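The structure appears below as structure tokens.
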């Protein structure tokens, strides 16, 4: 009965290959957590026993739904194995993100290519010191691909652009249906 359903992909999974046993995460005949007989009351604490780097990442963010108890690791990941990368419950990173962030999905008349490719091009889903879980702060994130010089009369070291966000003008960074078009303006 432990080789069907959620456990179909256990054999050969990342956890199985690393010799993670059922008892590393679950208790036997003893109830500690409300569901799944986990070793800890709070599911992420069970995961953090091995994934210490993820615990540190989660602590970086001032707003993190996982830390706030609004979600758990298994909302995105299937710990018993999947055919998908990173033990994701869905086929792609973007599909996983769209489960909660459907408004970012589109379709849009004008799309921002990095968004369509992979949410992780800009965001770090497990935590960041930057707002919106961005990998780096704005405008540095934008200038990694677009370079400087988009701000009127502003050079790369200009006080007019430094510390300001590109999205003061380009507000629809995930895509837009606006008649202003591909510049992703308001």
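Numbering (the numbering used here), first residue to last: 1 to 186.
Even for Gly, the Cβ is constructed at its ideal location relative to N, Cα and C.
All of these numbers come straight from a predicted model, not from anything done at the bench.
Legend entry - residue 173, buried or exposed, once every other Cβ within 10 Å from all chains shown has been counted against 16: By the neighbour-count rule (16 or more Cβ atoms within 10 Å), residue 173 is buried.
Inset, instruction - Look at the Cβ atom of residue 96, then the Cβ atom of residue 76, and state whether they are nearer than 8 angstroms. - result: yes
Legend entry - Contact set for residue 118: own chain, Cβ-Cβ below 6 angstroms, skip 5 residues either direction: 93
Inset, instruction - Determine the burial state of residue 80: buried for a count of at least 16 other Cβ atoms within 10 Å of its Cβ, exposed for fewer. - result: buried
Inset, instruction - To the nearest angstrom, report how far apart residue 50 and residue 135 are at their CA atoms. - result: 24 angstroms
Inset, instruction - Just the C-alpha distance for residue 24 and residue 64, rounded to the nearest angstrom, thanks. - result: 26 angstroms
Inset, instruction - Note down the Cα distance separating residue 5 from residue 14, rounded to an integer number of angstroms. - result: 17 angstroms
Legend entry - Sub-8 angstroms separation of residue 101 and residue 58 beta-carbons: No, these two residues do not count as a Cβ contact at 8 angstroms.
Inset, instruction - Would you mind working out which of 146, 87, 141 sits nearest residue 8, comparing C-alpha positions? - result: For the residues 146, 87, 141, the minimum Cα distance to residue 8 belongs to 87.
Legend entry - Segment limits, alpha helix (DSSP H) that includes residue 71: Taken as a continuous stretch (DSSP letters only), residue 71 belongs to no alpha helix (DSSP H), as it is neither H nor E.
Inset, instruction - Would you mind reading off the limits of the alpha helix (DSSP H) that contains residue 60? - result: 52-60
Inset, instruction - Figure out for me which residue from 115, 3, 43 has the closest Cα to the Cα of residue 70. - result: 43
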